[in-house]
Amino acid sequence: MASADKPINTDVPEKDVFALHFLQSLSNLRRQNTFNSPEKTNDRVKKIKKAAYVSMARAAGGTSRLWSRALLRRAAKETNKVVRFSRRKKRVTWLRRRSNRRDPVEEEEKEAERLRNLVPGGGAMETSKLIEETAYYIKCLSMQVKVMQCLVDGLSPK
Amino acid sequence: MSGRRSRSRQSSGTSRISEDQINELIINLQQLLPELRDSRRSDKVSAARVLQDTCNYIRNLHREVDDLSERLSELLANTDTAQAALIRSLLTP
Numbered sequence: 001m002a003s004a005d006k007p008i009n010t011d012v013p014e015k016d017v018f019a020l021h022f023l024q025s026l027s028n029l030r031r032q033n034t035f036n037s038p039e040k041t042n043d044r045v046k047k048i049k050k051a052a053y054v055s056m057a058r059a060a061g062g063t064s065r066l067w068s069r070a071l072l073r074r075a076a077k078e079t080n081k082v083v084r085f086s087r088r089k090k091r092v093t094w095l096r097r098r099s100n101r102r103d104p105v106e107e108e109e110k111e112a113e114r115l116r117n118l119v120p121g122g123g124a125m126e127t128s129k130l131i132e133e134t135a136y137y138i139k140c141l142s143m144q145v146k147v148m149q150c151l152v153d154g155l156s157p158k
Numbered sequence: 001m002s003g004r005r006s007r008s009r010q011s012s013g014t015s016r017i018s019e020d021q022i023n024e025l026i027i028n029l030q031q032l033l034p035e036l037r038d039s040r041r042s043d044k045v046s047a048a049r050v051l052q053d054t055c056n057y058i059r060n061l062h063r064e065v066d067d068l069s070e071r072l073s074e075l076l077a078n079t080d081t082a083q084a085a086l087i088r089s090l091l092t093p
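As given, the protein sequences belong to chains S and D, one line each in that order. Note that UniProt numbering has the first sequence beginning at 1, numbered continuously upward. Note that UniProt numbering has the second sequence beginning at 1, numbered continuously upward.
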C-alpha cells in the first residue's frame, strides 16, 4: 500500500530565462524577415503567438514536462502539416470511466475534462498528473505574460 | 476498493495516487489562483470549484497572450529607427 511520496516540484525558472527564450524566438522571426515583409497582420500575430508558446515550453524545461513536450510536438507538427492523434487517449478514457463508476465525483471529472482540453497534452494524462502539470503550466503562462507585457511596455511610445 | 487500486496500477504502471495527494495538489492549485488565494476561509473550497476557476484562469491567460501578441506584432512592425535599433541591440547575441 505504498503511495508515492515524492515532493511536488512546482518551481519555475526565473523570469529572465523566459525573456531570453522569447527574445531568441523573436530574433529568429526577424531573421526570417517577418516584421519587414508586407505580410497580413494575422499571420504575423500568429507567428508571434506561436513563438511565445514555443519559447515558454523551452524555458520551462523543454521535454521534461508533459505539457511542454506536447506544445513543442504540436508546433513541430504545424510546420510539417501532419496531424496525428495520441493513441494514449483511449487508455485514459478507460481509467476515467472506472473512477467515475466508483467515486461519485462526476462534477470534478467534468471540470477535469475541461481542463484537459486547455492544458496541452492533457488528453493523455491521469487526473492527478493533470493537476500537477496544470500548476506548473499556470506558473509558466503567467511568467510568459509578464515577459510579453514588459516587452510591450518597453516598446510602446512614451 | 483494493480491486480498483490494483487494477489501476496494472494499467497505468505508475504508483497509486491517494486521496490525500490529490487534495494536496488541489490546494497547491488553489494557492496559484488569484481569487481563491486571498480568501482564507476555514471551509475548504470544493475541488470542482478549484478546477473550474483554474479553467477560467487559463483561458484568461491565453487571451492575454493573444492580446499581447497582437500589440507586439503592431509595435515590432511600426518601429521607427530609434526603437528598431533598440530591438536590434536586444536581439543580437
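Glycine residues also receive a C-beta, built at the ideal position from the N, C-alpha and C atoms.
Practice task
Check whether the Cβ atoms of LEU76(D) and LEU115(S) lie closer than 8 Å to each other.
Solution key: Taking 8 Å as the cut-off, the beta carbon of LEU76(D) is found no closer than this to the beta carbon of LEU115(S).
Exercise for the section: Specify the secondary structure class of LEU71(S) as computed by DSSP and reduced to three states. Expected result: Helix, per DSSP.
Exercise for the section: Examine chain D for any beta-carbon lying closer than 8 Å to the beta-carbon of SER156(S), and answer yes or no. Expected result: By this cut-off, SER156(S) is an interface position.
Exercise for the section: State the CB to CB distance for the pair GLU133(S) and TRP67(S), rounded to an integer number of angstroms; the pair is presumed to be in contact (CB under 8 Å). Expected result: Their Cβ separation, rounded to whole angstroms, is 5 Å, which keeps GLU133(S) and TRP67(S) in contact under 8 Å.
Practice task
State buried or exposed for ASP53(D), treating a residue as buried only when at least 16 other CB atoms are found within 10 Å of its CB.
Solution key: By the neighbour-count rule (16 or more Cβ atoms within 10 Å), ASP53(D) is buried.
Practice task
Would you mind sorting ALA76(S) into buried or exposed? The rule is 16 or more other CB atoms within 10 Å of its CB.
Solution key: Taking every protein chain shown into account, the CB of ALA76(S) has fewer than 16 other CB atoms within 10 angstroms, so this residue is exposed.
Handout entry: Inter-residue spacing [alpha-carbon to alpha-carbon] between ARG84(S) and ARG65(S)
Key = Per-residue confidence for ARG84(S) stands at a pLDDT of 46, beneath the threshold of 50, marking its modelled position as unreliable; the derived number appears in the next sentence. Looking at the two C-alpha atoms, the distance is approximately 20 Å.
Handout entry: Limits of the unbroken alpha helix (DSSP H) element including ALA124(S)
Key = Careful: ALA124(S) lies outside any alpha helix (DSSP H) and carries neither H nor E.
Exercise for the section: Just tell me which of ALA59(S), LYS49(S), ASN42(S), GLY61(S) has its CA closest to the CA of LEU61(D). Expected result: The shortest Cα separation from LEU61(D) among ALA59(S), LYS49(S), ASN42(S), GLY61(S) belongs to LYS49(S).
Handout entry: Nonlocal neighbours in the same chain, by C-beta distance under 8 Å from LEU29(S), ignoring five residues either side
Key = Counting only Cβ-Cβ distances below 8 Å, and skipping sequence neighbours, we find PHE35, LYS47, ILE48, ALA51.
Practice task
Alpha carbon to alpha carbon, how far is ALA60(S) from GLU24(D)? Give it in angstroms, no decimals.
Solution key: Going by C-alpha positions, GLU24(D) is about 22 Å away from ALA60(S).
Problem - Contact with chain D by LEU141(S), beta-carbon distance below 8 Å - result: Among the residues facing chain D, LEU141(S) is included, as its CB has a counterpart in that chain under 8 Å away.
Exercise for the section: Starting from ILE58(D), find everything on chain S with Cβ-Cβ shorter than 9 Å and list it in chain order. Expected result: Correct list: LEU115, LEU118, VAL119, THR134, TYR137, ILE138, LEU141.
Exercise for the section: Return helix, strand or coil for GLY32(S), following the three-state DSSP convention. Expected result: It should be noted that the sequence gives Gln, not Gly, for residue 32(S). If DSSP states are grouped into helix, strand and coil, GLN32(S) belongs with coil.
Problem - Cutoff 8 Å: LYS40(S) Cβ touching any chain D Cβ - result: Under the Cβ criterion of 8 Å, LYS40(S) is not counted among the residues facing chain D.
Practice task
Could you tell me whether the Cβ atoms of residue 162(S) and GLY121(S) are closer together than 8 Å?
Solution key: Past the edges of chain S, shown from 1 to 158, lies residue 162(S), and the structure says nothing about it.
Exercise for the section: Determine the DSSP secondary structure at ALA60(S), reduced to helix, strand or coil. Expected result: ALA60(S) carries a coil assignment under DSSP once its states are collapsed to helix, strand and coil.
Practice task
Show which residues of chain S have a CB atom less than 9 Å away from the CB atom of ARG71(D).
Solution key: Here the neighbours are MET148, VAL152, LEU155, SER156.
Exercise for the section: Can you have a look at SER69(D) and say buried or exposed, based on whether 16 or more other CB atoms are within 10 angstroms of its CB? Expected result: With a 10 Å radius around the Cβ and a threshold of 16 neighbouring Cβ atoms, SER69(D) comes out buried.
Problem - Range of the contiguous alpha helix (DSSP H) that encloses VAL65(D) - result: 47 to 77 is the extent of the alpha helix (DSSP H) around VAL65(D).
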